[in-house]
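To convert a position in the first sequence, counted from 1, into my numbering, add 2.
Written out below as structure tokens is the structure these notes cover.
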Amino acid sequence: MSVKKGSSNPETLKTVRPSGKTDDSIFDLIYAIARQIPKGRVTSYGAIAKAIGSGKSARLVGWAMSAAGKVKPKVPAHRVVNSTGLLSGKHAFKTPTQMQELLEKEGTKIKNDKVADFKTRFWDPSSELI
DNA sequence: TTATTGACCTAAG
DNA sequence: GCTTAGGCCAATA
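Below, the structure written as structure tokens:
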């Protein structure tokens with residue numbers, strides 16, 4: 003039952019794009035992985051980009067996250083930060099502090115708009131992906 | 001159709 | 001640690 007990385011099930015993880023259309027694209031993969039992020043854990047856009055196979059398309063991950071609140075099921079976009087651990091997407095929430103509040107509520111400490119012990123709380127989807 | 005923007009990443013100096 | 005440059009896909013004007 004060795005789980006081969008990269009062999010996800012896009013059909014089961016199919017979601018709805020911000021446009022409201024259901025189609026297979028990297029957006030589905032991004033949302034799928036974002037939902038696999040454990041509670042109290044964070045990951046970076048580049049890690050997800052690599053997990054989906056795009057690698058350098060980290061910007062797409064961020065773009066998709068901006069629409070995470072419009073997609074169902076809900077996506078824990080607050081658990082996704084940039085490589086420096088900075089809450090770059092806090093401004094995309096209802097309130098700029100919403101992201102920090104959510105993270106702190108999950109057990110993730112925030113320091114100066116950055117994730118404390120980011121390296122320790124880093125969750126690699128390509129390595130610990132279920 | 002092209003051009004610009006966007007919750008970015010990595011490399012090199 | 002900071003700046004400059006290149007790359008990626010999708011949505012918007």
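Each residue gets a CB set at the ideal place from its N, CA and C atoms; glycine is no exception.
Quick caveat: nothing in here was measured; it's all calculated off a predicted structure.
Checklist line | Sequence-distant residues of its chain with Cβ nearer than 6 Å to ILE35 (five each side left out) | finding: The residues are ILE50, ALA53, PRO127.
Checklist line | 9 Å Cβ cutoff met for LYS92 and THR86 | finding: No, the pair does not count as a contact, with Cβ atoms beyond the cut-off.
Note to self: So, under 8 Å CB-CB, SER56 and ILE39 are touching, yes? Tell me the CB distance rounded to an integer number of Å.
What the structure shows: Incorrect: roughly 18 Å between the Cβ atoms, too far for contact.
Notebook entry, point to check: Considering TRP125, what are the terminal residues of the alpha helix (DSSP H) in which it resides?
Noted result: TRP125 -> no alpha helix (DSSP H), and no H or E assigned at all.
Check: What do you reckon, are the CB atoms on LYS48 and ALA60 nearer than 9 Å?
Finding: According to the sequence provided, residue 48 is Gly. The question's Lys does not apply to it. Yes, the Cβ-Cβ distance between GLY48 and ALA60 is below 9 Å.
Notebook entry, point to check: For PHE64, does the count of other Cβ atoms within 10 angstroms reach 16, so buried, or fall short, so exposed?
Noted result: This sequence places Gly at residue 64; Phe is not what is there. Of the other Cβ atoms in all chains shown, 16 or more fall within 10 Å of the Cβ of GLY64; this residue is therefore buried.
Margin query: Given a cut-off of 9 Å on the beta-carbon distance, is the pair ASP119 and LEU89 in contact?
Written below: Not closer than 9 Å, so no.
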